[in-house]
Amino acid sequence: MTKPILEMKQITKSFGSLIANDQVDLTVQPGEIHGLLGENGAGKTTLMNILYGLYRQEAGEIYIDGNPVQICSPKEAISLGIGMVHQHFMLVHNLTVTENVILGQAKKGQLFINRQEAAAQIKAKAEEYGVELDPWAKIEDLTVGLRQRVEIFKALFRGARLLILDEPTAVLTPPEVEQLFQLLTNFVRQGNSVICITHKLHEIKTICDKVTILRGGRLVGTYVTNEVDADELAVLMVGEKAVTPVKSRKSGNNKVFLKVENLTTELDEGDSPLNQLSLEVYEGEILGVAGVDGNGQTNLAHCLAGLKQPKDGKMWWAGKEMNGLSAKVLAEQGLAYIPADRHGTATAMGMSLAENLICRRFSLAPFSCKGFLSPKAIEHYVQAKIKDFEIKTPSPLVRLAALSGGNQQKVVLAREIDGEPRLIIAHQPTRGLDIGSTNYVHRVLMEAAQKGASIILLSTELEELFAICDRIAVLYRGQVMGILPAQETYLREVGLMMAGRVEPKGVDDHHH
Amino acid sequence: MSLLQIFDLSWVAATIRLATPIALAAQGETLSERAGVLNIGLEGVMLNSAFAGVVGAYYSGSPWVGLLLGMLVGALTALILAVASITFRANQIVIGAAINILAMGITGVLFRAIFGLEQQVTVMSFKPYPIPVLSQIPVLGPVLFQQNVLVYLGYVLVPLLTIVLFRTHWGLAIRAVGDEPQAVDTAGISVIKIRYLAVLIGGALGGLGGVSLSLGQLNLFAEGMISGRGFMALAAVIFGRWHPVGGVLAALFFGGADALQLRMQVLGWQVPYEFMLMLPYVLTLLTLAVFAGRASQPKALGENYAREVR
Amino acid sequence: MTITIKAKGRSPIVDHSFTVLLALVLSLLLTMLLIVLIGQNPLIALASLWEGAFGNAYSIGTTFNKAVPLILAGLSVAVGVKSGFFNIGAEGQICVGGLAATWAALTLPGWLALPGAIVAGALAGGVWMLVPAFLKIKRGVSEVITTLLMNYVGLYLLSYFVHGPLREPAAAGTISLPQSPAIPEYARLPLLLPGASRLHGGIILALVLVAVVWLIMQRTTWGYRLRMVGLNPNCTSYLGLNTKAIILSGMLLSGALAGLAGASEILGAQYRLRDAFLPNYGYDAIAVALLAQSNPLAVLFSATFFASLRSGAGMLQRTVGLSSSLVFIIQAIPIIFIACAAGKELLKYFLPAKKGKVIKNEPTADI
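Residue numbers (my numbering), protein chains in the order written: chain A, 1 to 512; chain B, 1001 to 1310; chain C, 2001 to 2367.
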């Protein structure tokens, strides 16, 4: 038997109290495409970042070709023949493909660039792997799929024998996925290896020879993909969750409050466009939206919150059309939106706690009068909110940035859930919070539902969804794969749908 | 009066003369901005260098010593920007504005300390040096090749810088650093090293521009003698769309407009020559309006880089 | 994204005051060292600087007169920084503000002349900002470059008017200077202490505007919007506010303030329009705003500090024989120190954080 190209043994890494990798093993043979499967937060990316020298492991050893190695920086990883394609590409958009590939590749004493030669090499290599790549094209003119190809070629030209791809198909169209697979297959045929981080079961089945599954930072096991079926993989990935429903409230009544029909958005960067998405939310219901990040969650939230105009489709709330209403009008009429990006969108971290609390209402009485702010009314209101929402702060005047993440999120909640909103859109409201704050957020949402608000909770954490939602809709590539009751027995189905395993209900034409 | 009488060869010569300091400084600024560092303090760099050039020439009796000293001082002045903005991540504009103020102070104080109460000091400077053969070319020869050595340096510098920027690995790194420093960092190149070098060489070239004014044209130093040429070079870089050749063409255009208005004043024309002087800036603004959004300005211009730490 | 060390329980204002104090002390020491190197007595030099700026009623008046345009232009830059843009075009806005004020003062009748001229100055400064504002909002061109270019357009426009349409008519047989006629008495800002000093009403205008700008920024919904845009434009868009309109309004306010700086100088101090009548004040305004960390009340003090250097410089030259340019050095060094400290790297060398915690750098409107 040949020596494995990579062996990682008993790798352990923690961030604070969170153990991201707990004694994880991973072995990759030459000529193998190895899938690394797991939910968000299972520890896949951490493990790969250790391998690429971005993090140091606290315990465990790494062997390349059977030799023990210490990898302290990406530079060392590169020199060992490891290449990594990140989810966010590291390309200079103004430069050509060739220039990006040769950047930082000058040999000692080599002054001038030989573009013709480099371009010819790129072209030759592209042909060798059976894909097309114009060496003279500027990055900014390329599609996302081609940009990814440039990233892969950058790694190849740095002598990569082991290529790590982080969610490579998340941004690709189906034909692009096929070409990527072709490229990878040709790459490993020459004795090289690929590690492919993914959530998608059918991809693992399609191209991976073996798959290693992580769950909660621990190794579940390594399997030969031909010997397990996708359903088994789904169960292994999601695990037997101890779902403890916190639902001690009455579920929503049967009156539909929000109705979304055939919502479709334009293509954009970063998130999957919505493709004829339809769903309904009842009064007093919490509808969970499950799905891997980037499957249209942001687009859905933005359309509902009035921050993005859909290309097609209609939305109604309480029977009235929502299309065309601005974010401001919607907010005034009872829509609350808790964005996923607390720092970049939901708050101005440099402003005070008080100023962040009133930013929805600062132009209304009693907080201002004829354009002048009323500090007393603001103070009164803010003190009340600090008390109601148990925000821990030395004073209402400290900058929001000085508070903990949990308290920052409480400020957002206090602001958004003020005045009994009719519809609450909460996008990853507990991301990065500790357990106490997470429970607090859940309690607030459930109380709001109890009072009759309809809630859409978009989350990648299945535990969270099963704990507090009434029903769960699974989002995959901008479509609802199906809507299931939030009961433990459906956990496996949800896992399968998240991986795109079930045909979307009621939509027969294949997307894009 | 015909147009030929205005746009004659002496107008061309004056254009080249007036454009030289701006063109030289614009080369340096192009380099610096291509690496993502905006040097609003170019005016100060030129002032310090113009002064250092005169001091060097005064004590040594040789303009060459002045030239070297001027370029060295230009680089040292730019070093302030480099240390402050690249190492300490201070706002580049604030530091640039401070450099301009500082240069007025340093040259003013030292001028008085060294030369006493003189209003201006005259020194040995670069004389026009006709290049054999080339200067004999009819019409263009005397205009292009009977200049001083600093103008010839400009002739060499522009193609040289173009080659460096677009044909060498170092130039590739500079252009990449100005656009996407993170991509350069992950490619294993030091963003800090590249930016320091670009800013320092940019400063030395800005210094060359200052020296070309004090030792190449006016043959003297007087307080505040740069009088806006540094800012004009900044405009030339933008108008020339961050390309060495573009920068020279812009400088020539600015110089031409300047030469034209001088001529109109001399001829006693009742034309508001201020509008001629204004033209370069208005056109630069128009260029920005038209080409906005196109890939010409270095994307990371004015932004300091810090590696993401986790 | 960077990581900074923040100590618990110390406010940014305390941090900044400490930085400013440290920077001023350091720059004072450096300047004194420089004076020693030149071969003069630094204490005598500093004493004469003080004497020149605050020695008697007359010089105090001069100092505050010089402070007026610095306060107004400093407010202009400060409003910009707080609202998330960088106005380095105060120089040009001063020019057109002075130009418009002169024209109004020479044209408008009687009682209307003074208020009319002040309003004209503010309007002109605002209008001058329309070009950069348009380019920023509609075309995405950075205001840093456009306001800088507009300075030169403004300077030459001013030059055109003092050489052309607004030039003082020459007496028979003579050639007039390139300057406007003196504005009439009724259009001037009154002298506050006639006989004792040249202190004019501009200082009252400046003080009122300090208060007004503070009020706008801290106590009105407009100022709230401006600060929010300055700190996080994504957040204003998320709230459904019109981010572009807010930026536009901030830019116009900023331009108007700088325009007022030019107007008050003509109406209170110079009475005539000349070429580049306030040279480099627009760039000094950046330093004024930086020193004050863009706090309107602090602008008052930092502008006065810079003005005292400018007005004391003459005495320094006359009595000690040092170049008046020395004050430029005293101005520049603290700016460099403070800007470096604001770059979040220098401070930690001086202020080791006790019980500090590591937090992610949030977007701030610091300069």
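All residues carry an ideal CB built from backbone N, CA and C; glycine is no exception. Since the structure is predicted, the reported quantities are computational estimates derived from the model, not experimental observations.
Asked	Found
For residue 1284 of chain B, go through chain D and note every residue whose CB falls closer than 8 Å to its CB, in chain order.	Here the protein chains are A, B and C, and chain D is not one of them.
At a Cβ threshold of 7 Å, is residue 458 of chain A touching chain C?	no
Checking the sheet assignment: what are the DSSP bridge partners for residue 83 of chain A?	A/163
Check whether chain A comes within 7 Å of residue 2219 of chain C, counting only Cβ atoms and requiring the distance to be less than that.	yes
For a test of the three-state rule: what should DSSP assign to residue 2168 of chain C, helix, strand or coil?	coil
Which residues does DSSP list as the beta-bridge partners of residue 471 of chain A?	A/287 and A/485
Out of B/1061, B/1142 and B/1052, state which residue places its alpha-carbon closest to the alpha-carbon of residue 1068 of chain B.	B/1052
Please say whether residue 1023 of chain B and residue 1199 of chain B have beta carbons closer to each other than 7 Å?	no
Assess contact between the stretch 82 to 89 of chain A and the stretch 1168 to 1178 of chain B, defined as three or more Cβ pairs (one per stretch) separated by less than 8 Å. Is contact present?	no
Taking the alpha carbon of residue 200 of chain A as the point to measure from, which residue in A/238, A/487 and A/190 has its own alpha carbon closest?	A/238
Please report how far the alpha carbon of residue 1055 of chain B lies from the alpha carbon of residue 1303 of chain B, in whole angstroms.	36 Å
I need the boundaries of the beta strand (DSSP E) containing residue 2151 of chain C, first residue and last residue.	Looking at the DSSP string, residue 2151 of chain C is not in any beta strand (DSSP E); the run it does join, the alpha helix (DSSP H), is 2143 to 2163.
Sorted by chain position, which residues of the same chain lie with C-beta nearer than 6 Å to residue 2100 of chain C's C-beta, five sequence neighbours on each side aside?	2120, 2121 and 2124
Quick one: what's got a C-beta closer than 7 Å to residue 2178 of chain C's C-beta in the same chain, skipping five residues either side?	2162, 2163, 2167 and 2275
How should residue 1125 of chain B be labelled, buried or exposed, when 16 other C-beta atoms within 10 angstroms of its C-beta is the threshold for buried?	buried
Does the structure place the stretch 2291 to 2306 of chain C close enough to the stretch 2068 to 2081 of chain C that three or more beta carbon pairs sit under 8 Å?	yes
Going by C-alpha distance, which of B/1122, B/1285, B/1103 and B/1031 is nearest residue 1062 of chain B?	B/1122
I need the straight-line Cα distance from residue 178 of chain A to residue 184 of chain A, nearest angstrom please.	10 Å
Cβ of residue 1192 of chain B less than 7 Å from any chain A Cβ?	no
Tell me which residue opens and which closes the beta strand (DSSP E) that residue 14 of chain A is part of.	6 to 15
In three-state terms, what does DSSP make of residue 134 of chain A?	coil
Please tell me whether residue 24 of chain A and residue 5 of chain A are closer than 7 Å, where the distance is taken between their beta carbons.	no
Using a 10 Å radius around the Cβ and a threshold of 16 neighbouring Cβ atoms, would you call residue 1261 of chain B buried or exposed?	buried
Express the C-alpha separation of residue 1152 of chain B and residue 1138 of chain B in angstroms, rounding to a whole number.	19 Å
Grouping DSSP H, G and I as helix and E and B as strand, with all else coil, what is residue 22 of chain A?	strand
Give me, in chain order, the residues of the same chain whose beta-carbon lies closer than 8 Å to that of residue 55 of chain A; leave out the 5 immediate sequence neighbours on both sides.	13, 46 and 49
Let me know if residue 255 of chain A comes out buried or exposed under the rule of 16 or more other beta-carbons within 10 Å of its beta-carbon.	exposed
Please list, in chain order, the chain C residues whose beta carbon lies closer than 7 Å to that of residue 360 of chain A.	2239
Determine the DSSP secondary structure at residue 2329 of chain C, reduced to helix, strand or coil.	helix
How far does the alpha helix (DSSP H) with residue 1181 of chain B in it reach, from first residue to last?	1181 to 1186
I'd like to know whether the C-beta atoms of residue 2327 of chain C and residue 2040 of chain C end up nearer to each other than 7 Å.	no
Can you find a CB in chain C that lies within less than 7 Å of the CB of residue 371 of chain A?	yes
Go to residue 336 of chain A, then tell me how far its beta strand (DSSP E) extends in each direction, as first and last residue.	335 to 338
So if I threshold CB-CB distances at 9 Å, which residues from the stretch 296 to 322 of chain A count as touching chain C?	305, 306 and 307
Are the beta-carbon atoms of residue 2049 of chain C and residue 2337 of chain C separated by less than 7 Å?	no
With a floor of 4 residues, list each alpha helix (DSSP H) that falls wholly inside the stretch 2022 to 2055 of chain C, ordered by position along the chain.	2042 to 2054
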